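There are 2 protein chains.
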Amino acid sequence: MQKKGNKYGSHRVIEPKGVLTQAAYKIDNNMDEIYSNEILINVSALNIDSASFTQIAEACGHDNEKIGEMILSIVNERGKQQNPVTGSGGMFIGTVAQIGDDLKGKIDLKEGDKVASLVSLSMTPLKINKILAIHEDIDRVDVDAQAILFESGLYAKLPDDMSEELALAALDVAGAPAQTAKLVTEGSSVLILGGAGKSGMLCCYEAMKRCGLTGRVVALVICEEDALLLRRMRLCHEAIVCSATEPVEVLEKALAANGGLEYDVSICVVNVKNCEMSCILPVRDDGTVYFFSMATSFTRAALGAEGVGKDVNMIVGNGYTKGHAETTLSELRENPQLKAYFEAKYL
Amino acid sequence: MQKKGNKYGSHRVIEPKGVLTQAAYKIDNNMDEIYSNEILINVSALNIDSASFTQIAEACGHDNEKIGEMILSIVNERGKQQNPVTGSGGMFIGTVAQIGDDLKGKIDLKEGDKVASLVSLSMTPLKINKILAIHEDIDRVDVDAQAILFESGLYAKLPDDMSEELALAALDVAGAPAQTAKLVTEGSSVLILGGAGKSGMLCCYEAMKRCGLTGRVVALVICEEDALLLRRMRLCHEAIVCSATEPVEVLEKALAANGGLEYDVSICVVNVKNCEMSCILPVRDDGTVYFFSMATSFTRAALGAEGVGKDVNMIVGNGYTKGHAETTLSELRENPQLKAYFEAKYL
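Protein sequences, first through last, are from chains R and A. In terms of the working numbering, the numbers along the first sequence are unbroken and rise by one, the last being 1808. In terms of the working numbering, the numbers along the second sequence are unbroken and rise by one, the last being 1808.
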């Protein structure tokens, strides 16, 4: 009879006690017996977080053997692949080896299904038996390994109708477009800062689809080439060229592109610092500012809105919302041009 | 004829260009001619932000004369009281000296009204003629000075029915209780982390008022004494004692205090780091997590919710919402016990 673990995995925390597995220094990666609400995965590859892989590769002088040794030593020490310098992890791909008794028949997985993890390796119990290959150009490590998904853990079944690499590229940013789908309604005016990036294009597509004939989507991009691309792919009604770190210029150009009106929603997917005011100023009172960039500063957003007296609803981008993987993969199915662009650009 | 300035004050920015006055290094503090959408204030006192005042006082060996010189030199250099080390400002008290032509008759102020600024000194043009006194114990500096409020700038008329000090103590945290008033509705279950602090008590009072007979307010506090205090003052239905940095323990105790159910809303007013998971875990899917603490980390919140698969709406505490000053001052008028406690504790 299997023991029942905590829904969030705290039963695997070794030290310090009282925190969850992401904040823990060391977690239990024993794979011999799983808990009744865990899923055991045979892992074939790790997609190491880019910041983490870069740090490891540089520390090892880009020597593949040393990179492998460092990854092994991190996982042996901590029970998870969490880079001690950057704190970040990555995701894994593998096949379902065993489903705990309490989950069997209650989830949409069966043994042998191919899945990608949608929670970070920085909180996932992992045991590496052997490192098979290091692909430094795509931050990928082929392994013979096992990992645990907790009851609360997120995963996506890999689809049959697109390549594994394409699915992973899209799933990597699945939160933002799925949140866009919830925020944007018929008639919304939407400003998307960073519209030409991977996450930005998916958000633009979703916003165009949701805002209908009476809404308006304006994308802010960094160069004229990106503006032309978005217009040609019909991912926005208008694209404006401006640095998102220049709030006064952003405000002027953004209002001009919306008939002088403030926006209902702004979405920030620019991965540079100091974009908070550019996201806040163009939005109407009671409108919504959606920060999806990890470069967002909580205090600059909070004090910035107060400083200019903007009564806007500011949301912390949550990487998860129900159905986020399906929403994002569907976008690539619905728009062959977008799919082709992703295949050319991100694989 | 007065020139018209930018609503947000960008016409006063000297360097660097393209940013607003908070992000600027130096702004124009010329008080001889105001713009048509500015308000000129004769300032009688500065309430320096606590982090800023502590830094200045320590750098000056707690010598009042040196503290005064340092404040003068900052304001002469930058045109505003923004501590170059902490980046923070504070607020001011003064009387309305002149209202720009475009604002006259359109705002609820007249010359001679006594006001407190509700935007930070870190973005406010200020010219100090003379420092009159330094009160290190309450971070206050009496001055003969002038300041500018922009068209978008926030202020509160100081009320007649309570002391200036009491009004300031409450206005300092006006955003949190006013946002609580918007978030909590009849029947809501609410968890308030840090319920016994200044902001926490105001939030508790507002939540109790809004959740009605069918709702439930649970306050999390750091010691039994605070729990007794909140219960005795009827500021919550239940108070639990736990460190907000221990998410596993918080989750268990919080659920136990709510009949095993997850909460509709959590509000974080604990001013220490690493409380994000404690705010996220006890909330139901589609519920709301309201971060009001400036110690909140954007990335810990965003990645934390994803890591545990929580589909919650996470909001960045906006220090401003319509009517926030009036909401907060009303709380002290409605609850004499709370008013008496504030007078004893914060003056």
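Think of the CB as a built atom: it goes at the ideal place given N, C-alpha and C, for glycine as much as any other residue. None of the values given here were measured: they were computed from a predicted structure.
Beta-carbon neighbours of residue i, restricted to chain A and to distances below 9 Å
| i | result |
| --- | --- |
| R:P1708 | Y1469, S1471, G1479, V1480, L1481, A1484 |
| R:G1655 | Chain A residues near R:G1655: none, gap ~16 Å exceeds 9 Å. |
| R:L1793 | By Cβ distance, chain A contributes nothing, its closest Cβ being about 21 Å from R:L1793, past 9 Å. |
8 Å CB neighbourhood of residue i in its chain, flanking five on each side removed
| i | result |
| --- | --- |
| A:A1594 | V1602, D1603 |
| R:T1789 | A1631, L1632, V1634, A1635, P1638, A1639, L1663 |
| A:H1523 | E1597 |
| R:L1716 | L1722, E1723, P1743 |
Simplified DSSP assignment, three categories, for residue i
| i | result |
| --- | --- |
| R:Y1751 | strand |
| A:G1784 | coil |
| A:K1800 | helix |
| R:E1491 | Rather than Glu, the amino acid found at residue 1491 of chain R in this sequence is Asn. In the structure shown, R:N1491 sits in coil (DSSP, three-state: anything other than H, G, I, E or B). |
| A:C1729 | strand |
| A:M1448 | With chain A represented from 1462 up to 1808, any question about residue 1448 of chain A goes unanswered, as that position is not in the structure. |
| A:H1596 | strand |
| R:L1501 | strand |
| A:Q1542 | coil |
| R:Q1607 | strand |
| R:I1535 | helix |
| A:V1602 | strand |
| A:A1714 | The amino acid at residue 1714 of chain A is misidentified as Ala; the sequence shows Lys. A:K1714: helix per DSSP, three-state reduction. |
| R:L1764 | helix |
| R:A1668 | helix |
| A:E1699 | strand |
| A:V1469 | Correcting the residue identity first, residue 1469 of chain A is Tyr in this sequence and not Val. The answer is coil: DSSP assigns A:Y1469 none of H, G, I, E or B. |
Whole-Å CB distance - residue i paired with residue j, under 8 Å assumed
| i | j | result |
| --- | --- | --- |
| A:P1708 | R:L1610 | Actually they do not touch by this definition, with Cβ atoms about 20 Å apart. |
| A:N1779 | R:M1775 | 6 Å |
| R:I1589 | R:A1606 | 4 Å |
| R:C1809 | R:C1697 | Here chain R covers residues 1462 to 1808 and nothing more, so residue 1809 of chain R does not appear. |
| R:V1777 | A:V1557 | So it is not a contact: roughly 38 Å between Cβ atoms. |
Own chain, CB closer than 6 Å to residue i, minus 5 neighbours either side, in chain order
| i | result |
| --- | --- |
| A:L1712 | L1742, P1743 |
| R:A1731 | It should be pointed out that residue 1731 of chain R corresponds to Val in this sequence rather than to Ala. L1654, G1655, A1705, S1754. |
| A:K1714 | I1701, C1703 |
| R:M1669 | V1678 |
| A:A1688 | V1682, A1700, V1702 |
| A:S1581 | G1550 |
Whole-angstrom distance between residue j and residue i, CA atom to CA atom
| i | j | result |
| --- | --- | --- |
| A:M1694 | A:E1792 | 14 Å |
| R:K1591 | R:I1535 | 14 Å |
| A:V1811 | R:S1511 | Nothing can be reported for residue 1811 of chain A, as the shown portion of chain A is limited to 1462 through 1808. |
| R:I1560 | R:G1466 | 13 Å |
| A:K1431 | A:S1505 | Lying outside 1462 to 1808, the shown extent of chain A, residue 1431 of chain A is not represented and no answer is given. |
| A:G1721 | A:S1650 | 12 Å |
| R:K1771 | R:V1726 | 13 Å |
| A:E1538 | A:I1532 | 10 Å |
| A:E1767 | R:L1644 | 18 Å |
| A:L1570 | A:A1608 | 16 Å |
| A:Q1543 | A:M1738 | 33 Å |
| R:R1745 | A:E1787 | 22 Å |
| R:T1547 | R:I1517 | 10 Å |
| A:N1809 | A:S1513 | Nothing in the structure corresponds to residue 1809 of chain A, since chain A is present only between 1462 and 1808. |
| A:A1762 | A:D1493 | 47 Å |
| R:L1690 | R:E1667 | 17 Å |
| R:K1809 | A:G1470 | Outside the shown range of chain R, which is 1462 to 1808, sits residue 1809 of chain R, and nothing can be said about it. |
Partners in chain R for residue i, counting only beta-carbon separations shorter than 9 Å
| i | result |
| --- | --- |
| A:G1780 | A1763, L1764, A1766, E1767, G1768 |
| A:S1581 | L1764, E1767, G1768 |
8 Å Cβ cut-off: residues of chain A touching residue i
| i | result |
| --- | --- |
| R:L1716 | Within 8 Å Cβ-Cβ: nothing; R:L1716 doesn't reach chain A, min ~12 Å. |
| R:L1615 | E1767, G1770 |
Residues that residue i contacts on chain R, provided the C-beta gap is smaller than 7 Å
| i | result |
| --- | --- |
| A:M1738 | L1481 |
| A:T1492 | Looking at the sequence itself, residue 1492 of chain A is Met, so the reference to Thr does not match. Chain R residues near A:M1492: none, gap ~20 Å exceeds 7 Å. |
| A:M1584 | G1768 |
Same chain, Cβ closer than 7 Å to residue i, neighbours up to 5 away in sequence not counted
| i | result |
| --- | --- |
| R:S1497 | Q1463, K1464, K1465, G1561, D1562, D1563 |
| A:C1684 | V1702 |
| A:K1800 | L1793 |
| R:L1764 | none |
| R:Y1807 | A1630, K1659 |
Chain-ordered neighbours of residue i on chain A, where CB pairs are closer than 7 Å
| i | result |
| --- | --- |
| R:V1557 | Residues of chain A passing the Cβ test: none, with the nearest at roughly 17 Å. |
| R:K1783 | D1772 |
Neighbour list for residue i in chain R, Cβ cutoff strictly below 8 Å
| i | result |
| --- | --- |
| A:G1636 | E1767 |
| A:S1578 | The premise fails here: A:S1578 is roughly 11 Å from chain R at the closest Cβ pair, so nothing lies under 8 Å. |
Worksheet item: Along the region 1754 to 1778 of chain R, what residues have a CB closer than 8 Å to any CB found in chain D?
Response: The structure shown contains no chain D; its protein chains are R and A.
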